[in-house]
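Inspection log for the structure reproduced underneath, given as structure tokens.
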Amino acid sequence: MNNETIQNLLMKVVDGLATAEEEAALQEAIRADGKWEQELRAYRKIKEVTDSMQLKDLPDSYWQGYWASVYRTTERGIGWVFLSVGAIILLATVGFVALGDFFMSSDVPLIVKIGVTAAGLGVIILLVSILRERFFARGHERYEKEVER
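Written as structure tokens, this is what we have:
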């Protein structure tokens, strides 16, 4: 029997997965060479240590902060993106309808139409951004980080 096979048998015996024939084969290898007895003891010691190991429990406050920040950041971020894009599209459509005659007129040069469109979109985006920022600031207390509830 080669060394790799014996080491596999050692691990099976330590894990309690060896058949009776495999255990007998390992005992035969141990009788033939005493180093396998030492290795079996070392594997059992390692298993004993690893079986008794546990991960350190983290305080509940850590987990509350973690989950709150991950989900809140992700969900609210995505929500704000969709709300902002939707508001921009709606306001841009209202602006286009309101200025329909202006945009359809052939008397107005194309560069002026592009300029009005760009300025209008800029105003709409800034308006949505300011409203979002005001709404966000209103929902936060000034001393939120200093007081634990």
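In our numbering, the protein residues as written are 11 to 159. Just so you know, even glycine gets a beta-carbon here, dropped at the ideal spot from N, CA and C. None of these values were measured; they are calculated from a predicted model.
1) Which stretch, first to last residue, makes up the alpha helix (DSSP H) that contains Ser94?
2) Whole alpha helix (DSSP H) runs in the region 29-62 with 4 or more residues, listed along the chain?
3) According to the Cβ coordinates, are Glu49 and Leu20 closer than 8 Å?
4) Tell me whether Leu141 sits in a helix, a strand or coil according to DSSP, three-state version.
5) Residues in the same chain with beta-carbon distance under 8 Å from Ile40, minus the five sequence neighbours each way, listed in chain order, please.
6) Can you check whether the CB of Ile134 is closer than 8 Å to the CB of Leu101?
7) Could you tell me whether the Cβ atoms of Leu36 and Val23 are closer together than 8 Å?
8) Can we say the region 137-151 touches the region 79-97, given the rule of at least three CB pairs closer than 8 Å?
9) Using DSSP with H/G/I as helix, E/B as strand and the rest coil, what is Asp111?
10) Measuring only the C-alpha atoms, how far is Glu31 from Thr60?
11) Kindly indicate the opening and closing residues of the alpha helix (DSSP H) around Asp25.
12) In or out: Ile16 buried (at least 16 other Cβ within 10 Å) or exposed?
13) Return yes when the Cβ of Arg142 is within less than 8 Å of the Cβ of Trp73, no when it is not.
14) Using only alpha-carbon positions, find the residue among Met11, Ser79 and Ala78 that is nearest to Ala42.
So, to answer that:
1) Asp70 to Ala108
2) 30-42 and 45-62
3) yes
4) helix
5) Trp46, Glu47 and Leu50
6) yes
7) yes
8) yes
9) helix
10) 27 Å
11) Asn13 to Asp25
12) buried
13) no
14) Met11
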